[in-house]
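Count along the sequence shown starting at 1, add 1157, and that's the number in this note's numbering.
Beta carbons are placed, not taken as given, at the ideal position from N, Cα and C, and that holds for glycine.
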Amino acid sequence: MRILILDDEKKSREVLKALIGLYCENIEDIALCKDIQEAKQTIKEFKPNLAFLDISLREGDSYHLLNEIGNFNFELIFITAFDESSVRVLNYCHIPTLMKPIDIEQLKIEIEKSQLRLNSGYSFEQYQLTKYLFEKPTRILPVFILNHWELINTDDIDELKKVAGQTIIKLKSGKEILTPENISTIEKFIS
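If you want it as structure tokens, here you go:
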């Protein structure tokens, strides 16, 4: 597995690289990038299987990189030092996110999951959704329905009902949406 690390803090890049080298298996090579331009070039040449992207960078955020490269064919794990609301949004959309300082066990788990997902395809749609969710104010709820994501304005939600481990979202328009998402997860997100 080839790994790319994008973080504008040199020490953070080097610590993550050292942790991966010490505790993770089947790693071929690790490329370190300090900014979006360097990461874009490295992605083209290095062709990573997995990228660790710090959410907040001096020049903006990692979404600038994802927007510039468009569809991508590598796994992605976001890393952040302080933005717990971002982590909540990413976790809700089932996108792996690690808080700094990096927990070694969580790092190992996320890399193993990424290795398993490499052969199952990618959901660029999820990443596009999360970018939209970070725009303030956050009033949009992503809801997974059958095999796609739908965006719902939280102001349009009338009621949530728990049904056999799933959730029915009743909208003010009368429309009902069944999602496999847990009702408590949705309640936390919209509160």
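In terms of residue numbering, what span does the beta strand (DSSP E) encompassing residue i cover?
| i | result |
| --- | --- |
| F1209 | L1207 to D1211 |
| N1224 | Not the beta strand (DSSP E): N1224 falls in the alpha helix (DSSP H), residues S1219 to I1226. |
| E1232 | E1232 to T1237 |
| F1229 | No beta strand (DSSP E) contains F1229, which DSSP labels as neither H nor E. |
| D1186 | D1186 to C1190 |
| P1299 | I1297 to I1302 |
| R1159 | R1159 to L1163 |
Using the rule of at least 16 other Cβ atoms within 10 Å of the residue's Cβ for burial, across every protein chain shown, is residue i buried or exposed?
| i | result |
| --- | --- |
| R1215 | exposed |
| A1238 | exposed |
| E1316 | exposed |
| I1212 | buried |
| A1099 | One cannot answer for residue 1099 here, as it falls past the ends of the chain, which runs 1158 to 1348. |
| A1208 | buried |
| S1169 | buried |
| P1337 | exposed |
| E1182 | exposed |
Going by DSSP, which residues form a beta bridge with residue i?
| i | result |
| --- | --- |
| C1181 | Beta-bridge pairing links C1181 to no other residue. |
| V1244 | In the DSSP output, where bridge partners are listed per residue, V1244 has none listed. |
| K1327 | E1316 and E1333 |
| L1255 | I1236 |
| L1176 | In the DSSP output, where bridge partners are listed per residue, L1176 has none listed. |
Following the continuous alpha helix (DSSP H) through residue i, name the residue where it begins and the one where it ends.
| i | result |
| --- | --- |
| L1308 | Counting along the chain, L1308 falls outside any alpha helix (DSSP H), though it belongs to the beta strand (DSSP E) covering H1305 to N1310. |
| E1195 | I1193 to F1203 |
| R1274 | I1261 to R1274 |
| I1364 | Past the edges of the chain, shown from 1158 to 1348, lies residue 1364, and the structure says nothing about it. |
Taking one C-beta from the stretch 1184-1197 and one from the stretch 1255-1262 each time, how about it: are there three or more such pairs within less than 8 Å? Touching, no, given that fewer than three Cβ pairs across the two stretches are closer than 8 Å.
Would you be able to state if there are at least three C-beta pairs under 8 Å between the stretch 1193-1203 and the stretch 1265-1277? Because the criterion of three Cβ pairs below 8 Å is not met, the stretch 1265-1277 and the stretch 1193-1203 do not touch.
Touching or not, the stretch 1325-1343 and the stretch 1296-1311, by the rule of three or more beta carbon pairs under 8 Å? These segments touch.
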